[in-house]
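Q: Under UniProt numbering, the residues of the sequence shown are numbered 1 to 797, in order. Using N, Cα and C, we set each Cβ at its ideal position, and we do this for glycine too. Predicted, not measured: the structure shown is a model, and the values here were computed from it. Here's a structure for you.
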Amino acid sequence: MLIHYTWHVIVDLIQIKKSDLWRETHFYLLTFPSVSLSQVEVYSVTVDCTVTSCFAHTVMTSKAFNKASSSQEILFEVELPKTAFITNFSMEIEGQVYVGEVKEKEKAKKQYEKAVSSGQTAGLVKASGRKMEKFSVSVNIAAESNVTFVLTYEELLQRKLGRYELLTRVKPKTLVQDFQIVTNIYEPQGISYVDAHATFLSNELLPLVEKTVTDRKAHISFSPTMEQQRKCPGCDGTLIDGDFIVSYDVKREKNLGDIQIVNGYFVHFFAPELPKLPKNVVFVIDTSTSMSGRKIVQTREAMLAILQQVHEDDHFAIVRFDSVIETWKDSLTKATKENIIEAMDYIRRIDSRGWTNINDAVLKAVNMLVKDRQMERLPERSADMIILLTDGMPSVGERDIGKIQENVRTAIGGNMSLYCLGFGNDVDYSFLDVMSRQNKGLARRIFEASDAVVQLQGFYDEVASPLLLEVDMHYPDNAVDSLTISHFSQFFNGTEIVVAGHLMDNDLDNFLVEVVGRGLEEDFRVQGQVSAADWDVFYPDEEYIFGDFTERLWAYLTIQQLLDKSGTPDEKASTTAKALDMSLQYSFVTPLTSMVVTKPETEDSPSSTLIADKLTEGTWRKQSLKMQNTGLAFLKETKTILNDESEGCVCVYVWLCVCVWLCMCGNALHCSQIMNICLFFLTEQEWQDEEMGKLYVFYDKSQKRFMGQSQFVVFVLIWILFSLFKDYGYILEQSYPRSRSINFSKYIIYSSYRVIYTQFLSSRWLFIDLLRCFSIFIIYFVFLQIANGFTHILCGL
Numbered sequence: 001m002l003i004h005y006t007w008h009v010i011v012d013l014i015q016i017k018k019s020d021l022w023r024e025t026h027f028y029l030l031t032f033p034s035v036s037l038s039q040v041e042v043y044s045v046t047v048d049c050t051v052t053s054c055f056a057h058t059v060m061t062s063k064a065f066n067k068a069s070s071s072q073e074i075l076f077e078v079e080l081p082k083t084a085f086i087t088n089f090s091m092e093i094e095g096q097v098y099v100g101e102v103k104e105k106e107k108a109k110k111q112y113e114k115a116v117s118s119g120q121t122a123g124l125v126k127a128s129g130r131k132m133e134k135f136s137v138s139v140n141i142a143a144e145s146n147v148t149f150v151l152t153y154e155e156l157l158q159r160k161l162g163r164y165e166l167l168t169r170v171k172p173k174t175l176v177q178d179f180q181i182v183t184n185i186y187e188p189q190g191i192s193y194v195d196a197h198a199t200f201l202s203n204e205l206l207p208l209v210e211k212t213v214t215d216r217k218a219h220i221s222f223s224p225t226m227e228q229q230r231k232c233p234g235c236d237g238t239l240i241d242g243d244f245i246v247s248y249d250v251k252r253e254k255n256l257g258d259i260q261i262v263n264g265y266f267v268h269f270f271a272p273e274l275p276k277l278p279k280n281v282v283f284v285i286d287t288s289t290s291m292s293g294r295k296i297v298q299t300r301e302a303m304l305a306i307l308q309q310v311h312e313d314d315h316f317a318i319v320r321f322d323s324v325i326e327t328w329k330d331s332l333t334k335a336t337k338e339n340i341i342e343a344m345d346y347i348r349r350i351d352s353r354g355w356t357n358i359n360d361a362v363l364k365a366v367n368m369l370v371k372d373r374q375m376e377r378l379p380e381r382s383a384d385m386i387i388l389l390t391d392g393m394p395s396v397g398e399r400d401i402g403k404i405q406e407n408v409r410t411a412i413g414g415n416m417s418l419y420c421l422g423f424g425n426d427v428d429y430s431f432l433d434v435m436s437r438q439n440k441g442l443a444r445r446i447f448e449a450s451d452a453v454v455q456l457q458g459f460y461d462e463v464a465s466p467l468l469l470e471v472d473m474h475y476p477d478n479a480v481d482s483l484t485i486s487h488f489s490q491f492f493n494g495t496e497i498v499v500a501g502h503l504m505d506n507d508l509d510n511f512l513v514e515v516v517g518r519g520l521e522e523d524f525r526v527q528g529q530v531s532a533a534d535w536d537v538f539y540p541d542e543e544y545i546f547g548d549f550t551e552r553l554w555a556y557l558t559i560q561q562l563l564d565k566s567g568t569p570d571e572k573a574s575t576t577a578k579a580l581d582m583s584l585q586y587s588f589v590t591p592l593t594s595m596v597v598t599k600p601e602t603e604d605s606p607s608s609t610l611i612a613d614k615l616t617e618g619t620w621r622k623q624s625l626k627m628q629n630t631g632l633a634f635l636k637e638t639k640t641i642l643n644d645e646s647e648g649c650v651c652v653y654v655w656l657c658v659c660v661w662l663c664m665c666g667n668a669l670h671c672s673q674i675m676n677i678c679l680f681f682l683t684e685q686e687w688q689d690e691e692m693g694k695l696y697v698f699y700d701k702s703q704k705r706f707m708g709q710s711q712f713v714v715f716v717l718i719w720i721l722f723s724l725f726k727d728y729g730y731i732l733e734q735s736y737p738r739s740r741s742i743n744f745s746k747y748i749i750y751s752s753y754r755v756i757y758t759q760f761l762s763s764r765w766l767f768i769d770l771l772r773c774f775s776i777f778i779i780y781f782v783f784l785q786i787a788n789g790f791t792h793i794l795c796g797l
């Protein structure tokens, strides 16, 4: 049987002809068809953003007209920041307005499952790159009719590296008669600078961005005509495709910060200019086999650049780990010029090997800091921190992530901060996120791409300059309640502390505020009497800005902090319930709520329910893999989604790949990764996207048949080949054509070349890799026959 399948594979490859290299193999959607832009005119796209005291309220509106003589499915698709909460969505069709409703996620679940099982719909929100989420909805519009889509979302802008950044992603995909982006910024403490630019605009077209800046107000607009939108004279393509970015900062004249009191709620912004504290940092670097290739090269480059930026008053150490824990020196070393050069030489020599022992590596770093503190080798007034960089899960030593988190929390004891950087897609981000939050730090995902070095450097820049330690914001107990977090272990240069709360007396317009912390030479202490600003005087003509923005800012910040809070199961249940109540009260689409949108019934299509959920970092894999539907349940459910012609064969092979990998490695993480690859090729979505319920199958348009079994075997072999090495995610992302059509034969050849060139030729263990690959192929074909028989019995194929 092995010879039989091998022969068919060889025959298929031999039959690749020059004409085949240009033959299109399409992905056909099994729920609803796409729309031709020639039949639909998008005649208006507007983005209206109002920023008040760093709280942004954005309204995106799109208007379209169906010019066809029959009804058409029209798609509304926008991208919004991951940190934003959707607050409203509405559609106006033939004068009738359909408004989305925010509901508890559990209550919306039945509607969602019913819609998915019928093949009508899936989640409206999905990941889109690093900073954005994609919101999309389609609706059937009658001939010669209009439709208006309106999406509203809100977010608190975070100050990083000394500035706030407001990002708007615009991709109209066609020339638009009325296109405009308008941003109004209101900052009572005064605006120090404003900059606006777009990734899609050249220097010659930057004058199209108009700015008007006064002391406390800024107005930015971008309204190109249709001619100015054209990529080239006479062509129909639009150059508007990318990010429109507004960055700004405010004046800071008082060490106490700025406090806004409006309608019984207050918000306190604290970002004083102070001398820098020295820091003691231990870099803990994963050098296991999974870091081989591009990752270890980028890590070396980033560490070399970071070491050059370490201040001479700082102390540092380097811990590299795989199966064995190795330190550059036994204790932290002052960042003299000679020590930096020696450390850089050490970094240049590190290479990948062995397994991943996260537990012992972090505990070693903790012990180094504790020992040096006890020996009084470190400055008394200095910040202790550990920066962990890893790309995978613990595979040797202590492997229970709960136990690792407990060990690290106990060892640190609240005496230092732990920052975790998760490199690539293999990493369990939630594990790192919880561990860092338990230890006064934070986690950040480093995307495996060409700019990974810049990402690593950017993170270090954010934490490179601590200004204060153990900062406490004090407000009178008899005047203020419902405070957000008011204690901060560290305050860094270029960032900002934000605290919001509710006033017990709505008529109260002044109270005493005190801020204390540990500075470079002495304790920092500042206090003062604050009073409500007269917004009517500052902005007499603006109705929105003195409304309820402080209350919504407080609610936004409270919900974010409740969702991030860890504790016992009972404590977590209590905070989750409170976050849910507030999400419903203020109509925020959070991880606990869903936006339910009912599509209207037409002559051509019945009404259906669409669900928009809020994604969180680390959940995209769970959604895209359908972790709740594994094994037989996954087969049965997917069988109902695919059409009758495909007979579920594609999903059988997807499931087969997972089973093979799980049986051979016993590793659930790698199992999910190979599943992710399979679903990636079976869906329209790009890498890391997740939209459930819509599956595609490979269909050869010219031959009017689904892809043959032997062809699919070739494709599965490529997947397994990718899974043998840790850089397969990058290879897929870089080589996969970004279109809805793909030439199968050409892609097989190109992918094979990429994997051989980038993996085999750079491997030190070429013979072992070839042997492993050959062994898996043999086991795969044996297992294939068993799975085929089992599947035919199960599905009745």
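#1: Closest Cβ-Cβ distance between ARG444 and chain D: below 8 angstroms?
#2: What does the alpha-carbon distance come out to for the pair ASN439 and ILE347?
#3: For a quick check, are the C-beta atoms of LEU418 and LEU389 less than 8 angstroms apart?
#4: Would ASP330 be called buried (16 or more neighbouring beta carbons within 10 Å of its own) or exposed?
#5: Which residue comes first and which comes last in the alpha helix (DSSP H) that contains ARG349?
#6: Taking buried to mean at least 16 other C-beta atoms within 10 Å of its own C-beta, is ALA196 buried or exposed?
#7: Mapping DSSP to helix, strand and coil, what is ARG216?
#8: If you draw a straight line from the alpha carbon of ALA411 to that of THR356, how long is it in whole angstroms?
#9: Can you say whether GLU496 is buried or exposed, counting buried as having 16 or more other CB atoms within 10 angstroms of its CB?
#10: Rounded to whole angstroms, what is the Cα-Cα separation between ILE340 and GLN308?
#11: Could you tell me which of THR590, GLY424, GLU342 and TYR248 sits nearest to PHE316, measuring between CA atoms?
#12: Just list the residues that DSSP pairs SER247 with in beta bridges.
#13: Please name the residue in SER136, SER44, LYS217 and LEU256 whose C-alpha comes closest to that of GLU514.
#14: For the structure I just gave you, are there three or more beta carbon pairs, one from the region 461-479 and one from the region 167-176, closer than 8 angstroms?
#15: Looking at THR58 and TYR186, is the spacing between their C-beta atoms short of 8 angstroms?
#16: Which one or two residues does DSSP pair with CYS420 in a beta bridge?
#17: Classify GLN585: buried if its beta carbon has 16 or more other beta carbons within 10 angstroms, exposed otherwise.
#18: Taking the alpha helix (DSSP H) that GLY372 falls in, what are its first and last residues?
#19: How big is the Cα-Cα spacing for GLU253 and VAL596?
#20: If you draw a straight line from the alpha carbon of VAL362 to that of ASN407, how long is it in whole angstroms?
#21: Closer than 8 angstroms is the cut-off here; do at least three beta carbon pairs connect the region 388-403 with the region 277-295?
#22: Applying the criterion that 16 or more other CB atoms from any shown protein chain within 10 Å of the CB defines a buried residue, is CYS235 buried or exposed?
#23: Roughly how many angstroms lie between the CA atoms of PHE524 and ARG518, to the nearest whole one?
#24: Let me know the secondary structure DSSP gives ASP523 once reduced to three states.
#25: Report yes if the CB atom of LEU421 is closer than 8 angstroms to the CB atom of LEU456, and no otherwise.
#26: If the criterion is Cβ atoms closer than 8 angstroms, does the pair ASN140 and LYS63 meet it?
#27: Which residue from PHE491, SER489, ASN478 and SER587 puts its Cα closest to that of GLY501?
#28: Spell out the partners DSSP gives GLY466 in its beta bridges.
#29: Report yes if the C-beta distance between LEU508 and GLN529 is below 8 angstroms; otherwise report no.
#30: Which residues in the same chain have their Cβ closer than 6 angstroms to the Cβ of LYS337, if we skip the five residues on either side of it in sequence?
#31: Nearest to ALA218 by CA position, among LEU557, THR52, LEU520 and PRO207, is which residue?
#32: Does the pairing of the region 174-184 with the region 89-105 give three or more beta-carbon distances under 8 angstroms?
#33: To the nearest angstrom, how far is the alpha carbon of LYS403 from that of VAL427?
#34: Between THR327 and the rest of its own chain, which residues show a CB-CB distance below 6 angstroms, the 5 nearest in sequence each way excluded?
#35: Considering only DSSP beta bridges, list what LYS160 is partnered with.
#36: Name the two residues that bound the continuous alpha helix (DSSP H) containing ALA573.
A: Let's see:
#1: In the displayed structure, chain D is absent; only one protein chain is listed.
#2: 27 angstroms
#3: no
#4: The residue in question, ASP330, is exposed, as its Cβ has fewer than 16 Cβ neighbours within 10 Å.
#5: 337-349
#6: buried
#7: Correct three-state label for ARG216: coil.
#8: 20 angstroms
#9: GLU496 is classed as buried because its beta carbon has at least 16 other beta carbons within 10 Å across all chains shown.
#10: 7 angstroms
#11: GLU342
#12: GLU165 and ASP195
#13: LEU256
#14: Flag = no, the region 461-479 and the region 167-176 do not touch.
#15: no
#16: LEU388 and ALA443
#17: By the 16-neighbour rule on beta-carbons within 10 angstroms, GLN585 is exposed.
#18: Checking the sequence, you will find Asp at residue 372 rather than Gly. Residues 358-374.
#19: 46 angstroms
#20: Distance between the alpha carbons of VAL362 and ASN407: 9 angstroms.
#21: yes
#22: exposed
#23: 6 angstroms
#24: In this structure, ASP523 counts as strand in the three-state DSSP scheme.
#25: Against a cut-off of 8 angstroms, the Cβ pair of LEU456 and LEU421 comes out as a contact.
#26: No; because the gap between Cβ atoms is not below 8 angstroms, this pair is not in contact.
#27: ASN478
#28: Here residue 466 turns out to be Pro, not Gly, going by the sequence shown. Per DSSP, PHE492.
#29: no
#30: none
#31: Nearest C-alpha to ALA218 among LEU557, THR52, LEU520 and PRO207: THR52.
#32: no
#33: 17 angstroms
#34: VAL319, listed in sequence order.
#35: ARG163
#36: ALA573 -> alpha helix (DSSP H) spans 569-585.
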